[in-house]
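Below is one structure, written out as structure tokens; comments come after it.
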Amino acid sequence: MARTYDPKLREFATARDIQILDAIDRCGSGSAAAVELGIHKSNANRAIQALKKRAAKMGWSPSHDMTHVVPDGFRVKGVSTYYDDEGKVRGQWVKSTVDHDRAEEIARQTVEALSNSIEGMAPLTAAPERVMSDLLAVYPFGDPHVGLYVWAKECGDAFDLEIGRKLTFGAVDRLVASAPAAETAILLLLGDVYHQNDQTNQTPAHRHQLDVDSRYVKVLQIGIETYRHAILRALEKHKRVILKAVPGNHDPQAIWALIFTLAAYFSNEPRVEVDIGPAKHWYFRFGKVLIGSTHGDTTKHEKLGGVMACDRPEDWGQTKFRYWYTGHIHSKTVTELPGVTCESFRTLAAQDSFAAGHGYRAGRDMQCIVHHKDFGEIERHRADIALLEAA
58 MARTYDPKLR EFATARDIQI LDAIDRCGSG SAAAVELGIH KSNANRAIQA
108 LKKRAAKMGW SPSHDMTHVV PDGFRVKGVS TYYDDEGKVR GQWVKSTVDH
158 DRAEEIARQT VEALSNSIEG MAPLTAAPER VMSDLLAVYP FGDPHVGLYV
208 WAKECGDAFD LEIGRKLTFG AVDRLVASAP AAETAILLLL GDVYHQNDQT
258 NQTPAHRHQL DVDSRYVKVL QIGIETYRHA ILRALEKHKR VILKAVPGNH
308 DPQAIWALIF TLAAYFSNEP RVEVDIGPAK HWYFRFGKVL IGSTHGDTTK
358 HEKLGGVMAC DRPEDWGQTK FRYWYTGHIH SKTVTELPGV TCESFRTLAA
408 QDSFAAGHGY RAGRDMQCIV HHKDFGEIER HRADIALLEA A
């Protein structure tokens, strides 16, 4: 029987749509297909109409002279078609934009593909024999920007995937080696772990163009490998390791590829906890110490004291030493508010072309902060960029 639909629609169809289209092929009409499938014919018709609309958003609607399909992850924003005096199409301009719903779907599919095959694959690392239960080691990772490309001739320093991985490996190895054997360690990723959120290589909110090294999936892979190494190294010194990655303005969706993959990889390791909470503000209580963390793009230091008191009133009242750790600005700042100290951290990443051109010249380092459950912060360890580059 002849088809009663455009076969090109199959390229945009869901699994349920395919069932209906196959039934139409067998039965010859939508009404007959509905009878075979045991559904009302209006349901079949609505499914086909929804499929046509989905195809049109991707650029395919021949009845409207739309025959240029946009790439996956995008949708058609508008089409300008030019006709001659005889009504024939002589030119067409297809305007597209990012389909954010599809971009998130692609991100979820990437996460599923990465995590399904590695669930529970982490090697079980022997716990250290002696640890100090009254100490907490916090390793803040200031805006890593995995995938950032920096040209030394333009910006003063070179930076790419391999340089970033080498610097982070070196900083983690040095800081873990020098830190005391605190029972619990927090690997605190302060946002913008990934330089880009998707294949557009633009910031999601403001569409700023980004300089990116390598392909998107490779960037995701290097990030996962880098922080897998950090967790494994921390397990050698600390009995319990918590990884928390707060979403940044560069990677609000991409960060979940890292979080869920590492959660799956370490799912059989009882000493590792990968926090998968989506909140922009995160808290951790340790004795008389209360720590909060957020990227810093949505809530500035001046408001964080009130935010902590509102979000954690009982913890606020029961603690004496309170801290906020943030990123975003790539420089070290300390704001002392009534009852809480707010600190932003430097990054190991080199300044990009925008920052270099606008006079940004902050230092680069990574630190480990040690807290005592009764006395708050008692010491710090620091890995400077000059030392790491010389290694």
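When you read off a place in the sequence shown, starting at 1, and then add 57, the result is the number in my numbering.
For glycine and all other residues, C-beta sits at the position ideal for the given N, C-alpha and C.
| Check | Outcome |
| --- | --- |
| Give the range of the alpha helix (DSSP H) segment to which S190 is assigned. | Not the alpha helix (DSSP H): S190 falls in the beta strand (DSSP E), residues M189 to F198. |
| Decide if M423 is buried, meaning its Cβ has at least 16 other Cβ atoms within 10 Å, or exposed. | buried |
| Under the three-state reduction of DSSP, which class applies to Q278: helix, strand or coil? | helix |
| Does DSSP put A302 in a helix, a strand or coil? | strand |
| Helix or strand or just coil, what does DSSP make of R418? | coil |
| Is it true that the CB of N258 sits closer than 8 Å to the CB of Q310? | no |
| Output the distance between the C-alpha atoms of A209 and A215, rounded to the nearest integer angstrom. | 4 Å |
| Is it the case that the stretch 177–189 contacts the stretch 407–424, given that we only count it when at least three CB pairs across the two stretches are under 8 Å? | no |
| Applying the criterion that 16 or more other CB atoms from any shown protein chain within 10 Å of the CB defines a buried residue, is C367 buried or exposed? | exposed |
| Between K294, G221 and C399, which lies nearest to T241 when the distance is taken from Cα to Cα? | K294 |
| Report the three-state DSSP secondary structure of G433 (helix, strand or coil). | strand |
| How would you label Y139, buried or exposed, when you count the other beta carbons within 10 angstroms and need 16 or more for buried? | exposed |
| Okay, do the stretch 330–340 and the stretch 271–282 touch, 3+ Cβ pairs below 8 Å being the bar? | no |
| Using the beta-carbon count (16 or more within 10 Å), is L181 buried or exposed? | exposed |
| Could you say which of D268, W381 and A336 lies nearest to V346 if we only look at CA atoms? | W381 |
| In terms of residue numbering, what span does the alpha helix (DSSP H) encompassing Y322 cover? | I312 to Y322 |
| Distance check for G362 and V397, CA to CA, integer angstroms please. | 6 Å |
| Give me the residue from G204, E393, E326 and K223 with the minimum Cα distance to D308. | G204 |
| When the Cα of D372 is compared with those of A70, T260 and G344, which residue comes out closest? | G344 |
| Taking 8 Å as the threshold (C-beta atoms), are V250 and G280 in contact? | yes |
| My understanding is that P304 touches K337, with C-beta atoms under 8 Å, so please give their C-beta distance in whole angstroms. | 7 Å |
| What's the C-alpha gap between V451 and T383? | The displayed coordinates of the chain run from 58 to 448. Any statement about residue 451 would go beyond what the structure contains. |
| If we ignore side chains and look at the alpha-carbon of each, how far apart do L319 and E446 end up? | 28 Å |
| Take V146 and list the residues in its own chain whose beta-carbon comes closer than 8 Å to its own, dropping the five residues that flank it on each side. | D122, T138, Y139 and Y140 |
| If you measure between the beta carbons of L244 and A287, is that distance less than 8 Å? | yes |
| Determine the DSSP secondary structure at R83, reduced to helix, strand or coil. | helix |
| Return the chain-ordered list of same chain residues with a C-beta closer than 8 Å to the C-beta of E93, the five sequence neighbours on each side being excluded. | A80, R83 and C84 |
| Sort H415, R418, E436 and A419 by Cα distance to C425 and report the nearest one. | E436 |
| Which term fits F432, buried or exposed, when burial requires 16 or more other beta carbons within 10 angstroms of its beta carbon? | exposed |
| List the whole-angstrom C-beta distance separating T71 from G199, where the pair is believed to meet the contact cut-off of C-beta under 8 Å. | About 42 Å; that fails the 8 Å criterion. |
| Please classify T260 as buried or exposed, where buried requires at least 16 neighbouring CB atoms within 10 angstroms. | buried |
| Quick one: Cα of T394 to Cα of P197, how far? | It is worth fixing the name first, because residue 394 is Leu in this sequence and not Thr. So the two alpha carbons sit approximately 21 Å from each other. |
| For E68, does the three-state DSSP call read helix, strand or coil? | helix |
| On a CA-only basis, which of H352, F341 and R421 is nearest V195? Give me that one, please. | F341 |
| Could you pull out every residue in the same chain whose Cβ sits closer than 6 Å to the Cβ of L246, ignoring the five residues on either side in sequence? | F198 and A302 |
| Where DSSP assigns a beta bridge to E176, which residues make up the other side? | Answer is none; E176 lacks a bridge partner. |
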